[in-house]
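Below: the structure, in structure tokens.
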Amino acid sequence: MTATVGVAGAYDRRTEAPVDGRRARSNDRSGARAIRRGSGGDTVSAQLRAGIVGTGFIGETHLGAWTAEGVTTVVYDVDSARADELAGRFGATTASSLGELFEAVDVVDVCTPTHLHAPVAIAAAKAGRHVICEKPMARTAADAEAMLDAAREAGVRLLVGHVVRFFPEYVAARDAVLAGQIGDPGVLRLTRASFRPRQPAGHWFFDHAKSGGIVLDLMIHDLDYARWVAGEVVAVECRSAIVDRPEAGVDHAVAILTHASGAISHVSASWAYAPPTFRTAFEIAGSHGLIEHDSAFTAPVTPYLLASGDGATTTALADTSLNGDPFRHELAEFARAMVDGTPTRTSAQDALATLRLALAADQSAHEGGRVVRLDPAEAVR
Amino acid sequence: MTGHERRAAAGNVRIGVLSMEHVHARSYVPLLADLPGVDLAGIWDANPERASSAAGGAGTRAFGSVAGLLEQVDAVVVTAPNAEHRDLVEQAAVAGVDVLCEKPLATNVPDARAIVDACERAGVLLMTAFPSRWNPAVRTLRSTIVAGGLGEVVALEGVNTGAMPDIHAAWFVDPARSGGGAVTDHVVHLADLYRWMLGSEVVEVYAVANRILQEHFDGVETGGLVSLRFANGTFATIDCSWSKPRSYPTWGGLSISAIGTGGAITVDAFRQRLAVYGTREAGISWPDWGPDSDRSMLEAFVDAVREQRQPAVTGVDGLRAVEIVDAAYRSIEAGEPVRVGSAGG
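Top to bottom, those sequences are chains V and C.
With this note's numbering, you'll find the first sequence wraps up at 458, consecutive numbering, no jumps.
With this note's numbering, you'll find the second sequence wraps up at 344, consecutive numbering, no jumps.
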């Protein structure tokens, strides 16, 4: 996709008028806001203006992806100095309040701490703005349901960033399954092994009440993928442990899922590995075949440089530089959906079902591995 | 005169093989024929032709009766179908012959306990064939754990998956003779290694299984995941599935990720292999160039027999593994975690 930064251009924050005059905006606040295709942009997402709320790790990642897509961005954070710094770095502007941000953009990208997803997303929907929300959809199922209701009432789109569905290796494996290459999925093993994000004690990320811990933050990627490949889950057993920094909570968890199809999945999520580990692996065994992947063996470039530290960043992230940026694919697909209704590979309903599964796994872990049942009918409600 | 007294007179340890029906017998027989200080004294099999063919290939005698072979040996390796272990081990014990019994020790807990009791009563040595205990990668992990190099172990994740063994013999997938499918076949190795590494017993088991894999077959379970909780608080999982399709370049594998307060260690026990690309028909194969754990295990058994001391892996180890398999099946049936009958007992 060709980025069209120049064409999309900036907009005047005071008048909300696109300075290049080529983007039209509906002022209809009563229902779905049509985003008309501009004549100048040769990408769909270049016709959008995105407002990013929250400038932590994922906010910065999304800002980079939006920028690469040629989307005009506005940034808001309660920490205005951080917002200014980030906006300056990416050529974005900042808003001084949520309300100002909502006025200035077509789509609100919620990258706040998890427990604040719902209030921000609901406010954005009520302001008539489409909403993109980082995973997990919300801290509680009730919050997620309220988000769905708000989006439905406002007639806006709501999409949740389950980015693993945009990672090429995960997409290729699912495509192979859908093509019947291994038959019916029977046993899945999904692994995500890394180090604990390097945040200080007291950071929201380590507060289970705010983040949901490793199950809602890390394991949820593979819980979502397990559902995407093998369908709804009817039972989950999960165990967890604290390996390092007890004050920061659980950093290793393993779940066993039973799918409605009869398939079974082993899902392992860990922050117990030494930096700079970020390893993802999966095996999908089917009725007549097998798919294996391990990121430990698929890095096309391996540096062996003498003068380097451990190479670890604050939060581990897969090196996506050699086959497109999954975050960019994700946001481009979401943007297209918002402009012209193109279907997406994940829906808010999907994200809610994944959240319910993650909450069930977390509950199981807190109850020493009690088997928690899920109603598959509720997942597709 | 007991077997041991006879052996003392003869010098070499005389070993017989009871049954060629287990695929591992095909590995053990040439190794026994080759081991210094060992006389491969004979092979019995329920099928006389199979016994003759195996004995001819190994340069040893075929026996038409179990009793006949037991009279001529100090020790036996029992590689019959799982359900027939008990009868053969009991005969060996009564004859005063030491036993190396293929895993799983038995298809149910009462048979496994009877095997242990019979050998204890007769005063013969009993070892369960868990060759992975001699895999150097596994031993490195264990010695690191024992030395405290991983801190306190909080979790173990293991994968012991393989091809469906009906390619070797039909009895593997006949529950009357094997005891079950993938759960019976593959849980015991890792369950034993975990017990050995942790020095703790399993108290609770949760397991799920299905029959989706290997669609050419409709019978015992082909896929399984097992979650174990140990008395010391460590939790561990096992993927025991027969998930390797026939196109897979090797039989399967065994790997462990160990998580402790000191970090993590991953072990792939059969990583030492080549990739060989042959003709289209031959396809790809992964010949193993790593050390032969079967040989090390047999050497350890022979040494134990020679010195008449308790082998490194005992019959009780085999019994504990069978108890874990039994709990796994009970959990699959119940859909809930279950306690292990004689945990710690």
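The beta-carbon is built from N, C-alpha and C at its ideal position, and this holds for glycine as well.
Could you tell me whether any Cβ in chain C is nearer than 7 Å to the Cβ of residue i?
i: V:T375; result: no
i: V:T335; result: yes
i: V:S424; result: no
i: V:I341; result: yes
i: V:R251; result: no
i: V:R269; result: no
i: V:Y381; result: no
i: V:L367; result: yes
i: V:R316; result: yes
i: V:R275; result: no
i: V:Y350; result: yes
i: V:D261; result: yes
i: V:V449; result: no
i: V:H370; result: no
i: V:D452; result: no
i: V:A198; result: no
i: V:R266; result: yes
i: V:V254; result: no
i: V:S364; result: yes
i: V:V344; result: no
i: V:V331; result: yes
Please report the Cβ distance between residue i and residue j, rounded to the nearest whole angstrom; I am assuming they are in contact, meaning their Cβ atoms lie under 8 Å.
i: V:D336; j: V:A307; result: In the sequence on display, residue 336 of chain V carries His and not Asp. Indeed they touch by this definition, with Cβ atoms about 5 Å apart.
i: C:I211; j: V:D427; result: With a Cβ gap of about 23 Å, C:I211 and V:D427 do not count as contacting.
i: C:R141; j: C:D110; result: Rounded, the Cβ-Cβ distance is 29 Å, inconsistent with contact.
i: C:Q71; j: C:G36; result: That belief does not hold up - the Cβ atoms of C:Q71 and C:G36 are roughly 17 Å apart, past 8 Å.
i: V:M415; j: V:V184; result: 6 Å
i: V:V310; j: V:R316; result: In fact, because the Cβ distance is near 17 Å, the residues do not count as touching under 8 Å.
i: V:A160; j: V:D154; result: 4 Å
i: C:V202; j: C:G223; result: Rounded, the Cβ-Cβ distance is 20 Å, inconsistent with contact.
i: C:V75; j: C:G15; result: 5 Å
i: V:I209; j: V:L236; result: 5 Å
Measuring only between beta-carbons, confirm whether residue i sits less than 7 Å from chain V.
i: C:M0; result: Note that C:M0 scores a pLDDT of 46, beneath 50, so its modelled location is shaky; the value from the coordinates is reported in the next line. Not an interface residue.
i: C:T355; result: The question about residue 355 of chain C has no answer, for chain C in this structure spans 0 to 344.
i: C:T236; result: yes
i: C:V207; result: yes
i: C:E20; result: no
i: C:A327; result: no
i: C:E332; result: no
i: C:E298; result: no
i: C:E335; result: yes
Looking only at its chain, what residues have a beta carbon closer than 6 Å to the beta carbon of residue i, apart from the 5 residues adjacent to it on each side?
i: C:G179; result: V219
i: V:E318; result: In the sequence as presented, Glu is not what sits at residue 318 of chain V; that position holds Ala. These residues qualify, in order along the chain: H329.
i: V:T392; result: F134 and P274
i: C:H167; result: V22
i: V:P245; result: N400
To which residues of the same chain is residue i closer than 8 Å at the C-beta, ignoring the five residues directly before and after it?
i: C:G252; result: V158, N159, T160, G161, D267, A268 and F269
i: C:A32; result: L39, A57, G58 and T59
i: C:R138; result: R132
i: C:V77; result: L17, S18, H84, L87, V88, A91, V98, L99, C100 and E101
i: V:E324; result: A278 and F283
i: C:G112; result: The amino acid at residue 112 of chain C is misidentified as Gly; the sequence shows Arg. Excluding positions up to five away in sequence, the list reads L318.
Starting from residue i, find everything on chain A with Cβ-Cβ shorter than 7 Å and list it in chain order.
i: V:G141; result: Included in the structure are the protein chains V and C, with no chain A among them.
Here's a check: name, in chain order, each residue in its chain whose Cβ is nearer than 7 Å to the Cβ of residue i, leaving out the five neighbours to either side.
i: V:A142; result: D402, F404, R405 and L408
i: C:L197; result: V152, F229, N231 and T233
i: C:A175; result: A82
Three or more C-beta pairs below 8 Å linking the region 311–326 of chain C and the region 160–174 of chain C: no
Touch test, the region 231–243 of chain C against the region 268–282 of chain C, Cβ-Cβ under 8 Å, three pairs minimum: no
Three-pair Cβ contact test at 8 Å for the region 300–319 of chain C versus the region 151–160 of chain C: no
Near-chain V residues of the region 143–157 of chain C (beta-carbon distance less than 7 Å), N- to C-terminal order: Residues passing the 7 Å Cβ filter: V153, A154 and E156.
Any 3 or more C-beta pairs closer than 8 Å across the region 257–275 of chain V and the region 345–361 of chain V: In short, these stretches touch, since the Cβ pair count reaches three.
Members of the region 232–260 of chain C that neighbour chain V once the beta carbon cut-off is set at 8 Å: Considering only beta carbons, the part of the region 232–260 of chain C lying closer than 8 Å to chain V consists of F234, T236, D238, S240, S242, K243, P244, S246, Y247, S256, I258, G259 and T260, in chain order.
Cβ-based contacts, 9 Å cut-off: residues of the region 196–226 of chain C near chain V: E203, Y205, A206, V207, A208, N209, R210, I211, L212, Q213, E214, H215, T221, G222, G223, L224, V225 and S226
At least 3 beta-carbon pairs within less than 8 Å: the region 417–427 of chain V vs the region 283–298 of chain V: no
Chain V contacts made by the region 260–281 of chain C, where a contact means CB separation under 7 Å: T260, G262 and A263
Within 8 Å of chain C by C-beta, residues of the region 302–329 of chain V in sequence order: A312, E314, R316, A318, I319, V320, D321 and H329
At least three beta-carbon pairs within less than 8 Å, the region 188–199 of chain V to the region 125–139 of chain V: yes
Contact between the region 216–225 of chain V and the region 167–179 of chain V (3+ Cβ pairs under 8 Å): No, the region 216–225 of chain V does not touch the region 167–179 of chain V.
Near-chain C residues of the region 140–160 of chain V - C-beta to any C-beta below 9 Å: Cβ contacts with chain C: none found.
At least three beta-carbon pairs within less than 8 Å, the region 112–130 of chain C to the region 301–317 of chain C: yes
Interface residues of the region 176–198 of chain V facing chain C [CB-CB below 9 Å]: Per Cβ criterion, the list is empty.
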